[in-house]
Structures are given as C-alpha cells and as structure tokens.
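Below is one structure, written out as structure tokens; comments come after it.
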Amino acid sequence: MIQAYIMIRVMPGKIAEAVQLIAQTPGVRSAYAVTGPTDIIAFVEADSMQDLGRLIVSRIQGAPGVTRTTTCVVTQVG
8 MIQAYIMIRV MPGKIAEAVQ LIAQTPGVRS AYAVTGPTDI IAFVEADSMQ DLGRLIVSRI
68 QGAPGVTRTT TCVVTQVG
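Okay, so the sequence shown: first residue is 8 according to our numbering, each after it adds one.
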C-alpha cells in the first residue's frame, strides 16, 4: 500500500468546495483546509505508484479551483 500526503493550492474562494470534493474522493483518507503556504492537505492511499499517479492527476488536480499539488510519499511509518 502506497501512502502519501498531498499539499494542494487552490484559487481564492474555492477552498471550501475543493476540500469537500477531495475528501469524498476514493483513496483519500482525510483532507483538511489549513493555513500556511498550502490550502489543503490530503492523506491518500493507493495500491501502487501508478494508481497514486492516477488519483492525483485525474481526481485531485482535476478538482475545481486546484492550481498546484505537491506530493510527499510516506517512506517509513513509526
């Protein structure tokens, strides 16, 4: 199982809509609107790197108002 945190930038005024849609996306375990240099942080799980890529490109980057994503893949759980 591949796990990752995705930092998501969203256009002004679209954060509430985007976080709700992203939180309901299959593979997304949690999504939060946050303060700081990013607008939303999502924790996701996928069966493979290929599935993770599809989730990010087709679902998360395709959400209304999303302008940029940065993905941090989990390498160790402790």
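Cβ coordinates follow ideal geometry from the N, Cα and C atoms, glycine included. Please read all numbers here as calculations on a predicted model, not as lab measurements.
Supposed close pair residue i, residue j - CB separation, criterion 8 Å
{"i": "V17", "j": "T74", "result": "7 Å"}
{"i": "A171", "j": "L59", "result": "Absent from the structure is residue 171, since the part of the chain shown begins at 8 and ends at 85."}
{"i": "I9", "j": "M56", "result": "6 Å"}
{"i": "S37", "j": "A23", "result": "The Cβ separation is near 16 Å, so there is no contact."}
Bridge-paired residues (DSSP) for residue i
{"i": "Q10", "result": "E52"}
{"i": "V41", "result": "V41 pairs with nothing; no bridge assigned."}
{"i": "V26", "result": "For V26, which the question treats as bridged, DSSP gives no partner whatsoever."}
{"i": "R16", "result": "R75"}
Separation of residue j from residue i, as counted between CA atoms
{"i": "G43", "j": "D54", "result": "30 Å"}
{"i": "P71", "j": "Q27", "result": "11 Å"}
{"i": "I29", "j": "P19", "result": "16 Å"}
{"i": "V51", "j": "K21", "result": "21 Å"}
Practice task
Return the chain-ordered ranges of every beta strand (DSSP E) run that is complete within the region 59 to 84 and spans a minimum of 3 residues.
Solution key: 73 to 80
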